[in-house]
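Read through the structure below, which is laid out as structure tokens, and then see the notes.
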Amino acid sequence: MRARDSGEREHMRVGKWGMSLAIRLPAVLVDALGLEEGGEIDIHVAGERELAVAREPSREDLLNRLRAFRGRLPPDFKFDRSRANDR
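Quick note on the numbering used here: the sequence shown kicks off at 1 and runs consecutively.
Next comes the structure, spelled out in structure tokens:
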């Protein structure tokens, strides 16, 4: 697992949590992703023996992304509901 800002690898030990396996996230990763207790993250296999971790965007983050696109359509754009719903 690589920390974005340093490129260093962190070694963690796998532990048991109920019927599941768990790892503790190192502070450098928590800080880099801005995580808090109760927050959600996405984890997926990034390679044969590698995971990628990303923070789930908050509602506020998603709304800010949508607001950034306001007014970015070409001036001659016309929305055609019939064409949009054609299958």
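From the three backbone atoms N, C-alpha and C, an ideal C-beta is built for every residue, glycine too.
Less than 8 angstroms between C-beta atoms, sequence neighbours within five positions excluded: which residues of the same chain meet that for residue i?
{"i": "G39", "result": "R55 and E56"}
{"i": "A46", "result": "A52"}
{"i": "L66", "result": "none"}
Count the other C-beta atoms from every protein chain shown that fall within 10 angstroms of the C-beta of residue i, then say buried if there are 16 or more, exposed otherwise.
{"i": "D5", "result": "With a pLDDT of 48 at D5, under the threshold of 50, the modelled position of that residue is not reliable, and the figure given next carries that caveat. When all chains shown are included, D5 counts as exposed."}
According to DSSP, simplified to helix, strand and coil, what is residue i?
{"i": "V45", "result": "strand"}
{"i": "R9", "result": "strand"}
{"i": "S82", "result": "helix"}
{"i": "E60", "result": "helix"}
{"i": "R66", "result": "Note that residue 66 is Leu in the sequence shown here, rather than Arg. L66 falls in the helix class under three-state DSSP."}
{"i": "L73", "result": "coil"}
{"i": "G18", "result": "coil"}
In the DSSP assignment, find the unbroken beta strand (DSSP E) run with residue i in it and report its ends.
{"i": "V30", "result": "First-last for V30: A27 to L33, but that is the alpha helix (DSSP H), not the beta strand (DSSP E)."}
Enumerate in chain order the residues of its own chain whose CB-to-CB distance from residue i is below 6 angstroms, with the five nearest sequence positions on each side excluded.
{"i": "P26", "result": "E10"}
Which residues in the same chain as residue i place their Cβ atom closer than 7 angstroms to its Cβ, once the five residues preceding and following it in sequence are excluded?
{"i": "G34", "result": "R55"}
{"i": "R42", "result": "With the sequence shown as reference, residue 42 is identified as Asp, and Arg is not the correct amino acid for it. Taken in chain order, the residues that qualify are A54 and E56."}
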